[in-house]
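> These protein sequence lines are chains A and B, in that order.
Start counting the first sequence at 1060; every next residue gets the next number (our numbering).
Start counting the second sequence at 1279; every next residue gets the next number (our numbering).
Ideal Cβ positions, reconstructed from N, Cα and C, are used throughout, including at glycine.
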Amino acid sequence: MSEATPTEPPSVGPTIGLSSFGKPVATRAEAVELFKVMTTGGEKPEEIFHSTHGDGLTFMSDVPESCLGGADVVLGIDEAGRGSVLGPMTYSAAYWPVSMQEEMEQKPFDDSKALTHEKRRKYFELIQDTPDCGYVVRVLHASEISRNMLRKVPYNLNDMSHDSAMEMIRNVQRQGVKLTKCIIDTVGIPENYKRKLDKAFEGQGIEFIVEKKADANYKCVSAASICAKVARDEITPSWVFPEEGFVPVNGKEWNSGYPSDPMCKVWMESNLIDKVFCYPDVIRFSWGPIKDRIEERGVPVVWEDEDEDNQQSSMSDFLGGSDGGKRKRQRLGGNKVQKGIERTELF
Amino acid sequence: MFEARLTNGSILKKLLEALKDLVTDANIDCSEEGLSIQAMDSSHVSLCAVALRSDGFDHFRCDRNISLGFNSQNLGKILKCADNTDMITLKAEDSADNLTLMFESKNQDRISDFELKLMDIDADHLGIPDTEYKTTIRMPSNEFKRIITDLQVLGDTCTIAVTKEGVRFSVTGDLGTGNVLVRSTNGVDKEEEEAVVIDMEEPVELTFALRYLNFFTKATNLGPSVVISMSPDVPVVVEYPIEQIGHIKYYLAPKIDDADE
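#1: Whose CA, out of Ile1248/A, Gly1347/A, Ile1228/A, lies closest to the CA of Thr1239/A?
#2: How many whole angstroms separate the CB atoms of Ala1152/A and Tyr1194/A, which I take to be in contact at a CB cut-off of 8 Å?
#3: Is it the case that the region 1345-1362 of chain B contacts the region 1387-1398 of chain B, given that we only count it when at least three CB pairs across the two stretches are under 8 Å?
#4: Assign Gln1541/B to one of three DSSP states: helix, strand, or coil.
#5: Could you work out which residue in Ala1327/B, Cys1326/B, His1322/B, Glu1311/B is closest to Asp1333/B when comparing CA atoms only?
#6: Only counting the same chain, and skipping five residues up and downstream in sequence, which positions put a Cβ closer than 8 Å to that of Ser1503/B?
#7: Restricting to Cα atoms, I'd like to know which of Asn1385/B, Asp1535/B, Leu1353/B, Ser1324/B is closest to Thr1285/B.
#8: Are the CB atoms of Ser1329/A and Cys1323/A within a distance shorter than 8 Å?
#9: In whole angstroms, give me the CA-to-CA distance for Ile1306/B and Thr1367/B.
#10: Taking the alpha helix (DSSP H) that Asp1428/B falls in, what are its first and last residues?
#11: Are the C-beta atoms of Arg1210/A and some chain B residue less than 8 Å apart?
#12: Looking at C-beta atoms only, is the number of pairs between the region 1447-1458 of chain B and the region 1427-1434 of chain B that lie closer than 8 Å three or more?
#13: Can you have a look at His1337/B and say buried or exposed, based on whether 16 or more other CB atoms are within 10 angstroms of its CB?
#14: Can you give the Cα-Cα distance for Arg1180/A and Val1289/A, rounded to whole angstroms?
#15: Near Ala1139/A, which residues of its chain fall below 6 Å by C-beta distance, leaving aside the five closest residues on each side in sequence?
#16: By Cβ distance below 7 Å, which residues in the same chain neighbour Leu1353/B in space, the five residues on each side in sequence not counted?
#17: Buried or exposed: which applies to His1176/A, given that a residue is buried once 16 or more other Cβ atoms fall within 10 Å of its Cβ?
#18: What number of angstroms, rounded off, separates the C-alpha of Gln1316/B from the C-alpha of Thr1245/A?
#19: Expressed to the nearest angstrom, what Euclidean distance is found between the alpha-carbon atoms of Cys1326/B and Leu1297/B?
#20: Helix or strand or just coil, what does DSSP make of His1221/A?
#21: Going by other Cβ atoms of all chains shown within 10 Å of its Cβ, with 16 needed for buried, is Thr1427/B buried or exposed?
#22: Relative to the C-alpha of Lys1291/B, which candidate in Tyr1490/B, Gln1351/B, Glu1480/B has its C-alpha closest?
#23: Per DSSP, Val1482/B forms a beta bridge with which residues?
#24: Give me, in chain order, the residues of the same chain whose beta-carbon lies closer than 6 Å to that of Leu1134/A; leave out the 5 immediate sequence neighbours on both sides.
#25: If we call anything under 8 Å between Cβ atoms a contact, is Val1341/A one with Ala1201/A?
#26: In this structure, does DSSP put Trp1313/A in helix, strand or coil?
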């Protein structure tokens, strides 16, 4: 726990982000099936509803025919669950041919925040049933987020978001899709984000639009926001705790999972059960409210070899005293203090 | 009954500033000779020893020896309420649970008093060995502070090597390396306070955690000079003399090369 081997941030290599579920599936039916695993648990729920040691999963739909063969394609990106204190942050991309834009404008997709849970599910099915629309979902589990943010050199949430977005874009490109426009709901300062993207995809003919509220203003970003939100909404309540024997008080009654949510507060208060590890790893340990609670209610942790300091000698070894200078650690307690300054004893 | 008055109250303020990041709880030991504080930091790597002689106070009375256990953060908070120009009086009954601190402004137009609840700290006496040091460096305290601050940019560990060339402070870190060589001041055109005086019987080289040296430099405001004493394989002493009244001394255990063990 002290020095977990830091995982490298997602690099630009060719296979990044394609974990077991990350391979593009052959047919739309298969993609729907895969997502069903996510929504029902399926045969091996632990592969999705568990924390992972490596990176989270990437789901990809099959690539629509109309997006291949050199057609210009527009792609939108949005995320869900960013501020939550628990569960994954989900990032999603939705894309279709530029030539279909007019038709897509007729779809009822909207900012997922403006939709009810039922509407979102319905529209998600509509996305799945739209043959010209492809999508990608990247799941960043709480454990991945904690691990990244708590590294010696922190890998922060904004950078994770940016890298996930780029990783999704590359995954789509790798399937032979010619992206000409990417619209992204911003994380951080739009200008900086755009500059980062322009640089990363320089010379590839992609126009980047990075804006606030893009999820409400552009159909493909709305579609992405629906995919992201549905994914998070499916994963969080179906979570399978990997901690053996951990039975949460209040089940999974954490509601939105946002730290200001009264139900989530109750959950955080009543589920700090283990005094050492404090919470199960559905929790984002890098969040302030969690750190505070751990500090307050967990047992204090002393890292004996902190600062790799096994070369540091102890002052006690040099002091004379009631029981010689050989103690490794001199503890308080014992003889009453003598008055004044005395330098009597030798080494 | 214990009572001590210091016209220059800022000394006490600065002392607490110099202590509170290193030492959590400690005793002020009061005797006829004066006040002393000795304490180690929580990881027992360093030791801090304060001595204020009774003759350095404007008024000093101590009928019998007492120990006043305090939490340094809390005492620091109270002393923050005193102005730098205030006169400070410390008072305690022989079996008191409180330490009274009285702050009087220069022209006596404001008098405040505070009571700090004392703690029972049953501390071992720290038998600090009396060592003949092989080398002693006296240098301006702000110069030392600057070196430590600068070197901290590069790494965690600092080697202090005294040779006939001078004193070399070196650091190696991920960023690169750094060396600061300080030489003895030649000639007489410098004030004594600004001079660097190196007294070397034999060369000494020791390695220390910069984090602690940095804590020590919190005492820089207590005086213009710092005296660093070193001998092979024993803790360094970093002493800040406090004019006309005493000193604060920090002892820091060296880092030991594995090969030597």
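In terms of the structure at hand:
#1: Here residue 1239/A refers to the residue found at position 180 of the first sequence. Comparing alpha carbon positions, the residue from Ile1248/A, Gly1347/A, Ile1228/A closest to Thr1239/A is Ile1228/A.
#2: Position 93 of the first sequence, counting from 1, holds the residue named residue 1152/A. Position 135 of the first sequence, counting from 1, holds the residue named residue 1194/A. Indeed, because the Cβ distance is near 6 Å, the residues count as touching under 8 Å.
#3: yes
#4: The first residue shown for chain B is 1279 and the last is 1539, placing residue 1541/B beyond what the model contains.
#5: If you number the second sequence from 1, residue 1333/B lands on position 55. Closest option to Asp1333/B, Cα to Cα, is Glu1311/B.
#6: Numbered from 1 along the second sequence, position 225 holds the residue referred to as residue 1503/B. Taking C-beta separations shorter than 8 Å and ignoring five residues to either side along the sequence, the partners of Ser1503/B in its chain run Arg1416, Met1417, Pro1418, Ser1419, Glu1471, Tyr1518, Pro1519, following chain order.
#7: If you number the second sequence from 1, residue 1285/B lands on position 7. Minimum Cα distance to Thr1285/B is reached at Asn1385/B.
#8: Along the first sequence, read from residue 1 onward, the residue named residue 1323/A stands at position 264. Along the first sequence, read from residue 1 onward, the residue named residue 1329/A stands at position 270. At the C-beta level, Cys1323/A and Ser1329/A stay beyond 8 Å of one another.
#9: Counting from 1 along the second sequence, the entry for residue 1306/B is found at position 28. Counting from 1 along the second sequence, the entry for residue 1367/B is found at position 89. Roughly 15 Å separates the two Cα atoms.
#10: Within the second sequence, the letter at position 150 stands for residue 1428/B. Element bounds for Asp1428/B: 1419-1430.
#11: Taking the first sequence and counting its residues from 1, one reaches residue 1210/A at position 151. So, not an interface residue.
#12: Touching, per the Cβ criterion.
#13: Reading the second sequence from its first residue, position 59 is the one you call residue 1337/B. So His1337/B counts as exposed.
#14: Here residue 1180/A refers to the residue found at position 121 of the first sequence. Here residue 1289/A refers to the residue found at position 230 of the first sequence. Their backbone Cα atoms lie some 7 Å apart in a straight line.
#15: Looking up residue 1139/A in the first sequence gives position 80. If we look at Ala1139/A and ignore the five residues flanking it on each side, its Cβ neighbours are Thr1149, Ala1287, Lys1288, Arg1291.
#16: By 1-based counting over the second sequence, the position of residue 1353/B is 75. Around Leu1353/B: Leu1294, Leu1394.
#17: On the first sequence, residue 1176/A is found 117 positions in, with the first residue counted as 1. With fewer than 16 other Cβ atoms within 10 Å, it is exposed.
#18: Against the second sequence, residue 1316/B aligns to sequence position 38. Against the first sequence, residue 1245/A aligns to sequence position 186. Looking at the two C-alpha atoms, the distance is approximately 56 Å.
#19: Your numbering for residue 1326/B matches position 48 in the second sequence. Your numbering for residue 1297/B matches position 19 in the second sequence. About 8 Å.
#20: Taking the first residue of the first sequence as 1, we reach residue 1221/A at position 162. In the structure shown, His1221/A adopts helical secondary structure according to DSSP, grouped into three states.
#21: Position 149 of the second sequence, counted from the first residue, corresponds to residue 1427/B. It is exposed - the Cβ of Thr1427/B has fewer than 16 other Cβ atoms within 10 Å.
#22: Here residue 1291/B refers to the residue found at position 13 when the second sequence is read from its first residue. Comparing Cα positions, the closest option is Gln1351/B.
#23: Looking up residue 1482/B in the second sequence gives position 204. Beta-bridge pairing links Val1482/B to Val1440/B.
#24: Mapped onto the first sequence, residue 1134/A falls at position 75. Excluding residues within five positions, the ones whose Cβ falls inside 6 Å are Ala1152, Tyr1154, Leu1238, Cys1241.
#25: Here the question's residue 1341/A lines up with position 282 in the first sequence. Here the question's residue 1201/A lines up with position 142 in the first sequence. Their beta carbons are under 8 Å apart, which means Val1341/A touches Ala1201/A by this criterion.
#26: On the first sequence, residue 1313/A is found 254 positions in, with the first residue counted as 1. Trp1313/A: coil per DSSP, three-state reduction.
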